[in-house]
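The next block holds one structure in the form of structure tokens; read it before the comments.
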Amino acid sequence: MATNWERVFAMSFAGVYPHYVAKAEKKGRTREEVDEVVRWLTGYTKAGLAKQIETRTSFRDFFDKAPRLNPNAPLVKGTVCGIRVEDIEDQLMQKIRWLDKLIDERQKDGKDSANGGVIMEKQFLNSYTGQTTPELLALRAKYRIDSLVLAFEQAIQGKAESDLSEPERHILAIEGMEREVNNGGWEQFFDNTENEFDDLLPRALDAIGCPNTAQLSREAIDANQAGADLDDLDDRYHTLSESIENKLFEYIAANADAIKLT
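Number 213 in numbering that gives the first Met the number 0 belongs to position 214 of the sequence shown; there are no gaps in the numbering.
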């Protein structure tokens with residue numbers, strides 16, 4: 000795990016910054032709002048942030064040189080790509096995931112993380128407790144999307160393999176990818192899933208509307224089968240800006256009749 004994370008730490012902040020902006024703009028937000036979030040977390044001034052981008056400093060140096068980490072940063076909770084940010088033990092990786100989460104969750108209605116230093120977010124559903132598919136979907140207004148998707152995964156994992164529908168298999172494949180690749184790279188994904196999802200994962204990602212991640216997964220599967228190095232594919236995965244969790248939740252809602260939890 001540490002080796003894979005070291006590759007992330009060595010990536011330049013400037014290389015990932017455009018993807019932060021692209022993700023925000025897809026949600027109707029602006030580059031300036033991204034900068035507000037970054038500066039809220041790190042304490043950089045506008046000029047200081049611009050300099051870090053210009054010099055293409057690594058993520059490690061970017062956070063090591065940060066003037067002042069916001070004291071409210073530990074209040075950031077929830078998941079990024081299937082990983083609970085509050086459970087990440089490596090301090091630098093946790094800071095990177097805090098930034099990911101803040102950029103993901105900043106809202107336009109004033110309830111954002113960059114104003115007032117207050118983290119305002121929906122509750123996190125800690126586990127699946129026997130809800131039906133419609134009941135879980137109805138919790139969207141109260142609970143975080145990432146936690147609801149995890150609850151669907153937990154429920155489906157309790158079913159026999161022979162009873163799984165195609166959409167249910169898609170959920171398991173995508174959530175498995177999110178958790179393992181973000182935690183330890185594509186090599187960890189293939190090792191821990193024993194290549195179970197090789198045939199399914201690209202189709203699953205295409206089905207939920209994430210073509211860029213689907214194509215990357217095809218390349219990773221081909222490289223793994225050929226015994227090639229996966230480091231570059233790990234780096235590329237972390238620069239993708241498709242909102243997999245939201246797309247997956249929308250897919251679940253559209254295919255609710257095929258997802259039977261009880």
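Glycine included, C-beta positions come from ideal geometry on N, C-alpha and C.
Does the separation of the CB atoms of residue i and residue j fall below 9 Å?
| i | j | result |
| --- | --- | --- |
| Leu135 | Ala150 | yes |
| Ile82 | Asn191 | no |
| Asp34 | Lys22 | no |
| Leu101 | Phe62 | no |
| His18 | Thr238 | yes |
| Pro166 | Ile251 | yes |
| Trp4 | Asp60 | no |
| Leu171 | Phe196 | yes |
| Thr299 | Lys259 | Residue 299 falls outside the range modelled here, since the chain spans only 0 to 261, and no answer is possible. |
| Gly47 | Asn69 | no |
| Gln153 | Lys141 | no |
| Arg96 | Phe248 | no |
| Asn223 | Asn254 | no |
DSSP state of residue i, grouped into three classes?
| i | result |
| --- | --- |
| Lys107 | Summary for Lys107: the model assigns pLDDT 37, below 50, so the residue's position carries little reliability, and this model does not support an answer. |
| Val75 | coil |
| Arg83 | strand |
| Ser112 | Note that Ser112 has pLDDT 43, beneath the 50 cutoff, so the model's placement of it is unreliable and the number below is only indicative. Looking at Ser112 - three-state DSSP - the assignment turns out to be coil, as it is neither helix nor strand. |
| Gln153 | helix |
| Gln122 | strand |
| Ala255 | helix |
| Val117 | Only weak support exists for where Val117 lies, its pLDDT of 39 falling under 50; the coordinates are left without a value. |
Going along the chain, which residues of its own chain have a beta-carbon closer than 6 Å to the beta-carbon of residue i, five neighbours each way excluded?
| i | result |
| --- | --- |
| Lys246 | Ile207, Gly208, Cys209 |
| Glu244 | Ile144, Asp145, Val148 |
| Ala9 | Ser57 |
| Arg55 | Ser11, Ala13 |
| Glu179 | Gln187, Phe188, Asn191 |
| Lys64 | none |
| Asp99 | Val79 |
Under 8 Å Cβ to Cβ from residue i, same chain only, skipping five residues before and after it: list those, please.
| i | result |
| --- | --- |
| Glu53 | Ala13 |
| Val20 | Arg30, Val33 |
| Pro272 | Nothing about residue 272 can be read from this structure; the chain reaches only from 0 to 261. |
| Thr2 | With a pLDDT of only 48 at Thr2, under the threshold of 50, the placement of this residue in the model should not be trusted; the figure read from the coordinates follows. Hits under 8 Å: none found. |
| Val15 | Phe58, His237, Thr238 |
| Gly116 | In this predicted model, Gly116 has a pLDDT of only 40, less than 50, meaning its place in the structure is not dependable enough to derive any value. |
| Ala257 | Ser164, Glu165, Pro166, Glu167 |
| Gln156 | Leu171 |
Below 7 Å CB to CB, which residues in the same chain sit around residue i once its five sequence neighbours on both sides are set aside?
| i | result |
| --- | --- |
| Asp230 | Arg6 |
| Arg168 | Leu199 |
| Asp108 | Confidence in Asp108 is poor, its pLDDT being 36 and thus under 50, which makes the residue's placement too unreliable to answer from. |
| Arg235 | Leu215 |
| Ala159 | none |
| Glu24 | none |
My understanding is that residue i touches residue j, with C-beta atoms under 8 Å, so please give their C-beta distance in whole angstroms.
| i | j | result |
| --- | --- | --- |
| Ala72 | Leu124 | Rounded, the Cβ-Cβ distance is 23 Å, inconsistent with contact. |
| Val84 | Gln93 | 6 Å |
| Asp233 | Trp185 | 6 Å |
| Ala219 | Ile173 | Incorrect: roughly 14 Å between the Cβ atoms, too far for contact. |
| Glu177 | Asn211 | So it is not a contact: roughly 15 Å between Cβ atoms. |
Give the list of continuous alpha helix (DSSP H) stretches no shorter than 4 residues that lie fully inside the stretch 209 to 252. 210 to 224, 230 to 238
Unbroken stretches of the alpha helix (DSSP H), 4 residues or longer, contained in the stretch 128 to 211: 132 to 136, 144 to 156, 165 to 192, 200 to 207
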